[in-house]
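Q:
Residue numbers (the working numbering): 37 to 428.
Pasting the structure below:
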């Protein structure tokens, strides 16, 4: 009744026939068969997802002409990033929603004895054996990535960032994070920065508000915590001890009491300092970090940035655009194998995958205070996002 009094009755009319809606839903379901089909992605599923990206995000991932090649571990240094696309529905959804050209991000980190690891925040899936923040020896990671049908590009740090990267501090930060749960709690909030500028048509904030309330009883049956409710609670000042028990209706009631509209609530920035329940291996509170947020925070821990911004507000696009990574001007520093197997002048090196990757804006944005807290992102061309890149 509180919502009814605050917002009135809401009727949503969709300009599509029932048959068209059913067909669209089925086509969407087909895109997401990959995560359920085991280790690899079938050619049919990959082709459907590549076509989706081409048609709806203007991202061309055509079949790759050049064969995979082994990376020389000696070329990879701590802090270097790996941009990843798995054409399984999930990564393409992230790419379409945010304008990113990758769906997953990982980083390189060497141990004190020089062994190379891939460190990442990863969820347990049918194709990846371990969830949580983790490290995997590089060769073993490449083997798993190949079985999972990952398309992988190595994105080295810029020369300046490599000189500045504090490997010891990065190792210490990782040791404190290893074993944390995957950061579902902040997964949406790097994407949703504006009241209406991040929602693909016909989605509207008021429709999202109603849908979350309707879906809550269904999601509760999965017996997994609601990352949406906990994120709402953070924005409304709920203590970490009480976040796990917050309901959607309870969050809406708190927002009304505080005079916070739903549109304002969903656009409040995510903060790196926040702790969420059940994040540590022992079930205690801890930070929430999705894949790219983890990489950004590793860079920050290694001294690449002053505390100007919150990595938790970043999408994969925002992370790889930072000038911590080598941009087009550093392409000449690529090893010969990379230059032979990738487009001329490319600042990245795709060494794995059946579909070609292109990341045109890697390493092009200097960090600034409060960045990425108010960015629009409207597919398929993301023109609003491009224009706002220097200030949002």
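Quick reminder that beta carbons are idealized off the backbone N, C-alpha and C, glycines included.
(1) Under the assumption that residue 411 contacts residue 428 (Cβ atoms under 8 Å), give the Cβ distance between them as a whole number of angstroms.
(2) Ignore the nearest five residues each way along the sequence and tell me which others in residue 418's own chain have a CB closer than 7 Å to its CB.
(3) Comparing alpha-carbon positions, which option in 193, 201, 149 lies nearest residue 339?
(4) Buried or exposed, going by whether 16 or more other CB atoms sit within 10 Å of the CB of residue 313?
(5) When you measure from the CB of residue 107 to every non-hydrogen atom of the ligand GTP, does any distance come out below 7 Å?
(6) So residue 174 and residue 152 are in contact, right, with Cβ under 8 Å, and what is the actual spacing, rounded?
(7) Would you be able to state if there are at least three C-beta pairs under 8 Å between the segment 392-409 and the segment 88-100?
(8) Between residue 184 and residue 75, how many whole angstroms is the CB-CB distance? I'm expecting something under 8 Å.
(9) Within the same chain, show all residues whose beta-carbon is closer than 8 Å to that of residue 363, passing over the 5 residues directly before and after it, in chain order.
(10) Between the Cα of residue 330 and the Cα atoms of 217, 279, 121, which residue gives the shortest distance?
(11) Quick check: the segment 314-333 against the segment 127-147, are at least 3 beta-carbon pairs closer than 8 Å?
(12) Kindly indicate the opening and closing residues of the alpha helix (DSSP H) around residue 84.
(13) How is residue 245 classed by DSSP in three states: helix, strand or coil?
(14) Can you tell me whether residue 241 is buried or exposed? The criterion is at least 16 other CB atoms within 10 Å of its CB, across all chains shown.
(15) Mark residue 277 as exposed unless 16 or more other C-beta atoms lie within 10 angstroms of its C-beta, in which case mark it buried.
(16) Within the same chain, show all residues whose beta-carbon is closer than 7 Å to that of residue 94, passing over the 5 residues directly before and after it, in chain order.
(17) Looking at residue 188: is its Cβ nearer than 8 Å to the Cβ of residue 112?
(18) Excluding the 5 residues flanking residue 426 on each side, which residues of the same chain have their C-beta closer than 6 Å to its C-beta?
(19) Helix, strand or coil for residue 403, going by three-state DSSP, please let me know.
(20) Rounding to the nearest angstrom, what Cα-Cα distance links residue 191 and residue 267 in this structure?
(21) Does residue 158 come out as helix, strand or coil in the three-state DSSP assignment?
(22) Between residue 376 and residue 132, what straight-line distance do the alpha-carbon atoms span, to the nearest angstrom?
(23) Do residue 117 and residue 361 have their C-beta atoms closer together than 8 Å?
(24) Using 8 Å as the Cβ pair cut-off and three pairs as the minimum, do the segment 289-309 and the segment 342-358 touch?
(25) Taking Cβ positions, are residue 130 and residue 317 nearer each other than 8 Å?
(26) In this structure, does DSSP put residue 171 in helix, strand or coil?
(27) Would residue 279 pass as a contact of residue 294 if the rule is Cβ separation under 8 Å?
(28) In the DSSP assignment, find the unbroken beta strand (DSSP E) run with residue 304 in it and report its ends.
(29) Between residue 223 and residue 326, which are expected to be in contact by the criterion C-beta below 8 Å, what is the C-beta distance as a whole number of angstroms?
(30) Quick check: the Cα distance between residue 128 and residue 78, rounded to an integer number of angstroms?
(31) Mind checking which residues open and close the alpha helix (DSSP H) that includes residue 97?
(32) Could you name the residues of the same chain whose beta carbon sits closer than 6 Å to that of residue 213, not counting the 5 residues immediately before and after it, in chain order?
(33) What are the start and end residues of each continuous alpha helix (DSSP H) run of 4 or more residues lying completely inside the segment 255-284, in chain order?
(34) Excluding the 5 residues preceding and the 5 following residue 58 in the sequence, name in chain order all residues of the same chain whose CB lies nearer than 6 Å to its CB.
(35) When you compare only the Cα positions, how much space is there between residue 243 and residue 321?
(36) Can you name the residues that DSSP bridges to residue 153?
A: Here's the rundown:
(1) 4 Å
(2) 135
(3) 201
(4) buried
(5) Ligands are entirely absent from the displayed structure, and the ligand GTP is therefore not among its contents.
(6) 4 Å
(7) yes
(8) 6 Å
(9) 194, 383, 398, 399, 400
(10) 217
(11) yes
(12) 79-92
(13) helix
(14) buried
(15) exposed
(16) 416, 417
(17) no
(18) none
(19) coil
(20) 31 Å
(21) strand
(22) 29 Å
(23) yes
(24) yes
(25) no
(26) strand
(27) no
(28) No beta strand (DSSP E) contains residue 304, which DSSP labels as neither H nor E.
(29) 5 Å
(30) 15 Å
(31) Residue 97 -> no alpha helix (DSSP H), and no H or E assigned at all.
(32) 169
(33) 263-271, 276-279
(34) Any reading at residue 58 must be qualified, since the residue scores a pLDDT of 46, below 50, and its modelled position is unreliable; no value is offered.
(35) 31 Å
(36) 145, 173
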